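Numbering of the sequence shown is given in our numbering, commencing with residue 113 and proceeding in unit increments. We put the beta carbon where it would ideally sit given N, CA and C, even for glycine. As the structure is a prediction and not an experimental result, all values here were calculated from the model.
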Amino acid sequence: METIQANFVTNGSKFLENYVNLTHKILGKTLKPFCLLHLLWLENIGSPLFKTSEAVTLSDLEIAVLICSSSSSEEILKKLSRKRRLWHLWNTRRDLQEESKAFIVYQDDFASMPTFSDSEKGESLEQIPWLLTQMAALIRETGWQEESILLMPLGKVIWYNSAFCYLATGNTSIISDKEQAASLALEQLTKGNG
113 METIQANFVT NGSKFLENYV NLTHKILGKT LKPFCLLHLL WLENIGSPLF KTSEAVTLSD
173 LEIAVLICSS SSSEEILKKL SRKRRLWHLW NTRRDLQEES KAFIVYQDDF ASMPTFSDSE
233 KGESLEQIPW LLTQMAALIR ETGWQEESIL LMPLGKVIWY NSAFCYLATG NTSIISDKEQ
293 AASLALEQLT KGNG
């Protein structure tokens, strides 16, 4: 099953990669999705895991894991202020290079960015994925949380966005059930006469 998940994520688009992620466990701790809060902390403390050209110590990795296994600054501060001698002792038995590589994979799994054009060279922009526009429209119009939209049946998402479009512009390209039935009947009638 893990192979299927890994192939699904690595073969997917950059957009998809941000919504389909694996669980990452480093130094025995399960990490939260890599987010702006984590980046802010890692950048602020000058973590070599953020600056990938610098050597990484076990202490550097432990601090990064404590930060990235947290959901708030308060939680980060609590974890960083605790003594963790037993955890550190256990971590000295782990392969630091492999754990550091796993941390980089973790960051990459949650930070797949779109490619933007170089306006001076006149390169075209990648299209914003259709699914993202559907989600963004619902978030903008309703204030609903991303997770509730991700779990909403696709048909509902489209119907809501179509209704919002109609309310904003008075236009919709939706063909009613009656129009669709009439079109199908006309098609059948013309096939029978041809």
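First through last residue of the alpha helix (DSSP H) which encompasses residue i
i, result
"V86", "Outside the shown range of the chain, which is 113 to 306, sits residue 86, and nothing can be said about it."
"C147", "Neither: C147 is in no alpha helix (DSSP H) and is coded neither H nor E."
"T254", "242 to 254"
"G282", "That residue, G282, is in no alpha helix (DSSP H); it is neither H nor E in DSSP."
"I216", "208 to 222"
"R197", "197 to 203"
"L139", "Segment: none, L139 is in no alpha helix (DSSP H) and carries neither H nor E."
"I261", "258 to 262"
Distance between beta carbons of residue j and residue i, contact taken as under 8 Å
i, j, result
"F215", "I138", "5 Å"
"F276", "A249", "7 Å"
"S183", "K213", "Incorrect: roughly 25 Å between the Cβ atoms, too far for contact."
"L178", "L192", "6 Å"
"S274", "I286", "6 Å"
"S224", "E129", "4 Å"
C-alpha gap between residue i and residue j, whole angstroms
i, j, result
"H200", "S181", "16 Å"
"T281", "N133", "37 Å"
"L307", "L152", "The structure shown does not extend to residue 307, since the chain spans only 113 to 306, so no value can be given for it."
"D220", "L263", "24 Å"
"R197", "N203", "10 Å"
"E308", "N156", "Past the edges of the chain, shown from 113 to 306, lies residue 308, and the structure says nothing about it."
"S311", "R206", "No statement about residue 311 is possible, as the shown extent of the chain runs from 113 to 306 and does not include it."
"V168", "Q209", "9 Å"
"L154", "A176", "7 Å"
"A297", "D289", "12 Å"
"W256", "S159", "35 Å"
"P265", "Y131", "16 Å"
"S185", "L149", "8 Å"
"Q246", "I261", "9 Å"
"C147", "K303", "58 Å"
"Y278", "H136", "43 Å"
"V217", "N283", "46 Å"
"I188", "S165", "25 Å"
"K190", "K141", "16 Å"
"L243", "E211", "34 Å"
"L301", "T254", "44 Å"
"I240", "E291", "31 Å"
- request: Could you tell me whether the region 249 to 258 touches the region 266 to 275, where touching means 3 or more Cβ pairs closer than 8 Å?
  value: With the cut-off at 8 Å, the region 249 to 258 and the region 266 to 275 touch.
- prompt: Fully enclosed by the region 166 to 192, which alpha helix (DSSP H) runs are 4 residues long or longer?
  reply: 170 to 180
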